[in-house]
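> Residue numbers (our numbering): 1 to 165. Can you read through this structure? Questions will come right after.
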Amino acid sequence: MSSIGSEDRPFIFRVNDNGTGPVLLIQVCQERGWKEYEGTKSGDSAWSVPADEYWNLWWKSTGFSLSHYKQQKIWQFNNHIPSGSALCRKDNLWRYLKCMKNIFGTSLFGFSPDSYNLPLEYTKLAAECSHDTDVGEKSIWICKPVGQSQGKGISLISQIGELVY
């Protein structure tokens, strides 16, 4: 029995639930010789797995349900990690890095710049900006909104008065 994605069985990719998605992603998959998922194939006994499971890569712009991960086969991959927002969201990542820095010190976890979660830590940020001004430093701060991704909404500020959130 041959496995999915082997020489006699093509590598199948799925994009969202309706086949729409990033044009570049679809183009790259097709350039690699991968075949796009066509839905269920009824009456085809040549398939060694149920037709709705015959895919190798499933890319979705939204997350998958927990039951999806439990049912996923060893030959199947997707573009999301269960509970990935714990590290993928910048505010969560900073909280974990800050915790690790407190536990293991700056020699191991001093690589990340200071970060502030606004509005909760606004006074800490204002104090840091004021300190920089007092000692004559000109810092640049990167402001990234929590609810956006892919570079949307990011701004650079050099003074606390420029902050908009």
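Just so you know, even glycine gets a beta-carbon here, dropped at the ideal spot from N, CA and C.
(1) Report the three-state DSSP secondary structure of Glu166 (helix, strand or coil).
(2) Under 8 Å, do Trp75 and Asn56 count as touching if we go by C-beta distance?
(3) If you run the structure through DSSP and keep just helix, strand and coil, what is Gln159?
(4) Determine the DSSP secondary structure at Leu120, reduced to helix, strand or coil.
(5) Compute the beta-carbon to beta-carbon distance between Asp114 and Glu137, rounded to the nearest angstrom, for a pair I have assumed lies under 8 Å.
(6) Quick check on Asn78: does DSSP put it in helix, strand or coil?
(7) In chain order, what residues of the same chain have a beta carbon less than 8 Å from the beta carbon of Leu24, not counting five sequence neighbours either side?
(8) With a threshold of 6 Å on Cβ separation, who are the neighbours of Ser42 within its own chain once the five nearest residues in sequence on each side are excluded?
Taking the definition as stated:
(1) Nothing about residue 166 can be read from this structure; the chain reaches only from 1 to 165.
(2) yes
(3) coil
(4) coil
(5) 13 Å between Cβ atoms; not a contact.
(6) If DSSP states are grouped into helix, strand and coil, Asn78 belongs with the strands.
(7) none
(8) Interpretation of Ser42 is limited by its pLDDT of 48, a score under 50 that renders its predicted location unreliable; no figure is taken from the coordinates.
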